[in-house]
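Heads up, the thing below is written out as structure tokens.
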Amino acid sequence: MVLSGKRLRQLSAVVIALALLAACGGPSASSGASGTPHSGGTLAIGIESEVDVLDPQRAGGWVSWRVNRQMFEPLVDEDLSKPSAQAAVPALRPGLATSWELSPDGTVYTFHIRPNVKFHDGTPLDAAAVEFNIRRMWDKSFQYYDAKAAGQTNFVWQPLKSIATPDPMTLQLTMKQPFEPFLRLLSQGGNGSTGIMSPASIKQYGNDNVGEHPVGTGPFKFVDRVRGQRITLARNDDYWGTKPYLDKVVFRPLPDPSSRVASLRANEVDMIAVPPPDSVASLQQSGFQVSEGAPPHVWFLSFNFNDPIMKNKLVRQAINLAIDRQGMATNLLKDTVKPAYDVQAPANAAYVANTEAYGYNPDKAKQLLAQAGYPNGFSTVMMTSVDGSGQIIPVPMAEYIQQNLAKVGIQIQLQTTEWISYLSKWAQGTPPGVGWAQQSWGMTTPYWLYIVTSSSLKAPNGPNVGGYSNPQLDQVMQQAMTATTEAGAVEKWKEANRIVTDDAAIAPIVNDKAPYILSSKVHGFVSPSEEWYDLNTVWLS
Amino acid sequence: MVGFLVRRLLSTVLVLIGVSILVFLIMQLVPGDPVRSMLGQAATAERVTEVRHQLGLDRPLIVQYLDWILGVLHGDLGQSLTLSQPVSSILFPKLGNTMILAGGSLLICLVIGVPLGMVAARRQYSVVDRGSMFVALGGASVPVYWAGLVIINIFALKLGWFPTSGMYDTRNPGGFEDVLVHLVLPSVAAAVVPTAVVARMARGSMVEALHADHVQMLRASGVPERLVIWKHTLRNILPPVVNIVGLQAGYLLGGVIFVEVVFNWPGLGGQLYTSITAGDMPMIQAGVLFIALVFVVVNLVTDVAVALLDPRTRKEA
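So the protein sequences, as listed, match chains A and B.
According to our numbering, the residues represented by the first sequence are 102 to 642, in order.
According to our numbering, the residues represented by the second sequence are 91 to 407, in order.
The following block contains the structure:
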């Protein structure tokens, strides 16, 4: 195409205007909302890896829940329409239950199922359908019980004692004891989810095959999947809630980071996840938008309590003080993350700003080491993976920590493994001789702390991989879980944070901002305080 | 010829069984539990045991292997552990895609490599010869990954002639034409090294053939050069060229795996990588078997072709 001088000037003007707009906007939590939203168009999203099964109860990983979430809904959901800046923790909102009550003793939940909701296959939603789904994840004697779904959603249903459906649109769940985190856990995804599937589809295709024919109630319905190429969803015109603007959404797995950037630049996709940190600035200069949030993500170290050196609290505190979190965030990760100073991410009601306990202070670290009897430091091993879900760039990050600790005399040897082997090793517990193991995780419910620090969940029985045990903490967390009000629970969870922080049982390092890069024609995308997003508000110009 | 074929086919079966045992044993040495990766960080030991039992992973190794191989002999490649789908339904489409890519590359390699070598040999030590062989040497030395990125940058991003990656358009996936447009860049990238190798080989054989006594004799007898080349020389360079093309076809099956990654081509390579990282044994077994099978078949076809072209090898066989 040959451009005349006038055309060229017009074009330059537009480009400059766009660049200026992008520059003024800076990283925004929600993408530009100029113009009037209108229906139509196909949004193509370049995602960082292939998606697990499209069976929301079985599927692991955030990548999969980001897709499944568009088709499946839980009873209680999170309001993801607000960016992190406006809602540090997403508020709970009714999902497939219009309302619910909790008995005064905190053990019986009564859910009123949303009327007039149909699954994508036309079958109606009622209490029996929800019961069917719960039994699939929980009741070993149920015909459609699925061990994989049960394994993933273990922590949600563990306290459940019985299910009843007093009338076709009412569901009663009785717990063994009060379990305050329950409602929030219903809204979570990533380790399975409680997204409700059409019982008819499970009966028709069976537990193993239903993931090839996903049928939910969500704002989008399944069109097709070509493994390695695309998953296509289309707007559900019969959706009970606010119908999306988009006609279609295509999720395209592009595992190679440079391919992801190239596809975005070539307009083959409209937005990409996990841009390489080095590419963000240049993409912004080219007129692309950056959307960042503050999801409940913590990249953290679990200290090995079976190691004679790590048993010493002063040593653990010294290590915490010797790590330059801000330096790592700015220099290594180009501000795609925030330094983490609390064991809980800011997207958590029990978050406590702990900057003092974990602020960078190598001098004080040296003092503590001397006090602990290691004036010349010591050597130990750090376990991490080379890749994996939410791990960002684990090896360079571990090397950064290695350099930091060398400055206070602690020599660490890195032991790196690829993700699946790592996950197995990690779950077995930190072996003798290893100082600490690294992991990335987090949830909007403070209950997550229980999962990684409770003495009843010491590895290999659970994810407390460092073997940390503090009876006082266990007691406080028990009180938090059995509290009958949210406020009461949050107070107890904050107390638990303080105990874990004081013990320096875990070293939080950074919180991911989960940046997305969007083309200038994408509007209304919101990065909420979650690892996933909704697409109801997105429209294309 | 028939005896030769039967012997080769029998040895093929033995090779495949050997490969399957080897892969099975190697995968047992790899640390990591597929069920752990399936159930994620939150899985408790109790749930992991439950799913391991359901998948039959708690049985003795020998039982697991025999169960699998019996299934294969009955045409059943088993179920993927992580996808809960029949292995064949996942792998066959991917194998097809890899064959499309390898086929495209092989075509480029034949159409460009062989004539290039012949032209260079005809004008030995000329600018054309030195130039083309220099390029070929360069091509043979370029890492596929790097070549792929350069090609994407120039032809997809700068010039915008072709899509950057994938097999179909993202928003409006089409049919054959759509695949063809997406096929160009990856097959060129995958063809770079084999084309260079074939060109150099074709040149070498051609040079040798042109200096053969019978060619000197024909030329001295005044036979037109056209006939000397097309009738008396070409036939003689075919066996080595077919041999090297066969080898390159095998190489391509391995080489396209990198190209698949760079161009996000949904082939066997990428699937195999995913399966290996997830410890999905039935998928890995079947994927490796496919590759070994194709490799063995390509070799067999090459040997038969060479035997047909060159009676001397037939006698030896």
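Note that CB positions come from ideal geometry on N, CA and C, so glycine has one too.
- In the same chain as Ala395/A, and ignoring 5 residues on each side of it, the C-beta atoms closer than 6 Å to its own belong to Ser185, Pro447, Ala448 and Ser630, in chain order.
- Bounds of the beta strand (DSSP E) holding Gly147/A are Thr143 to Ile148.
- Of the residues assessed, Asp371/A falls on the buried side of the cut-off, its CB having 16 or more other CB atoms within 10 angstroms.
- With a threshold of 8 Å between beta carbons, Met373/B makes no contact with chain A.
- Per the coordinates, the alpha-carbon of Arg142/B lies some 7 Å from the alpha-carbon of Val125/B.
- In the DSSP assignment, Tyr452/A falls outside any alpha helix (DSSP H), carrying neither H nor E.
- Within the segment 344 to 377 of chain A, the complete beta strand (DSSP E) segments of 3 residues or longer fall at 349 to 354 and 372 to 374, listed in chain order.
- Pairing Leu390/B with Ala211/B, the inter-Cα distance amounts to about 29 Å.
- With 16 or more neighbouring CB atoms inside 10 Å of its own CB, Asp178/A falls in the buried class.
- Assigned with DSSP and collapsed to three states, Met544/A falls in coil, not helix or strand.
- Pro609/A has Phe401/A as its beta-bridge partners, per DSSP.
- For Asn354/B, the residues of chain A that pass the 7 Å Cβ criterion are Leu355, Asp357 and Ser360, in the order they occur in the chain.
- Separation of Glu281/A and Thr208/A (C-alpha to C-alpha, rounded to the nearest whole angstrom) is 9 Å.
- Residues of the same chain with a CB within less than 6 Å of the CB of Asn413/A, apart from the 5 flanking positions on each side, are Ala473 in chain order.
- Of all alpha-carbon atoms in Arg353/A, Ile373/A and Arg366/A, the one lying nearest the alpha-carbon of Asn354/B is that of Arg353/A.
- In the DSSP assignment, Ser222/B falls within the alpha helix (DSSP H) that extends over Val217 to Ser231.
- For Ile552/A, the chain B residues whose C-beta falls within less than 9 Å of its own C-beta are Gln131 and Ala132, listed in chain order.
- Identification of chain B residues near Ser263/A by a Cβ-Cβ cut-off of 9 Å yields none; the smallest Cβ-Cβ distance measures about 21 Å.
- With its beta carbon less than 8 Å from one in chain B, Pro564/A belongs to the interface.
- Secondary structure of Asn292/A (DSSP, three-state): strand.
- For Pro267/A, the uninterrupted beta strand (DSSP E) run begins and ends at Leu261 to Asp268, by DSSP.
- Distance from the CA atom of Ala367/A to the CA atom of Arg215/A, rounded to whole angstroms, is 43 Å.
- In terms of CA proximity to Lys322/A, Val351/A leads the group Lys304/A, Arg328/A and Val351/A.
- Within the DSSP bridge table, the entry for Arg328/A names no partner.
- The continuous beta strand (DSSP E) containing Trp201/A extends over residues Ala198 to Leu203.
- Residue pairing from DSSP leaves Pro497/A without any beta-bridge partner.
- Glu298/B is outside the set of residues whose beta carbon lies under 8 Å from a beta carbon in chain A.
- Asn310/A and Leu343/B have their alpha carbons spaced roughly 31 Å apart.
- Taking 8 Å as the cut-off, the beta carbon of Leu197/B is found no closer than this to the beta carbon of Ser222/B.
- Straight through space, the alpha carbons of Val386/B and Val120/B are spaced by roughly 27 Å.
- Judged by DSSP in its simplified three-state form, Val566/A adopts coil rather than helix or strand.
- Annotated three-state conformation of Val177/A is strand, per DSSP.
- Gln390/A does not reach chain B, its nearest Cβ partner there being about 19 Å away, counting only Cβ pairs nearer than 9 Å.
- Runs of beta strand (DSSP E) with 3 or more residues, each lying fully within the segment 303 to 361 of chain B, are absent.
- Using a CB distance below 8 Å, the part of the segment 362 to 390 of chain A facing chain B consists of Ala363, Ser364, Arg366, Ala367, Glu369 and Val370, ordered along the chain.
- Legend: CB atoms of the segment 232 to 260 of chain A lying less than 7 Å from CB atoms of chain B belong to residues Ala248, Lys249, Ala251, Gly252, Gln253, Asn255 and Phe256.
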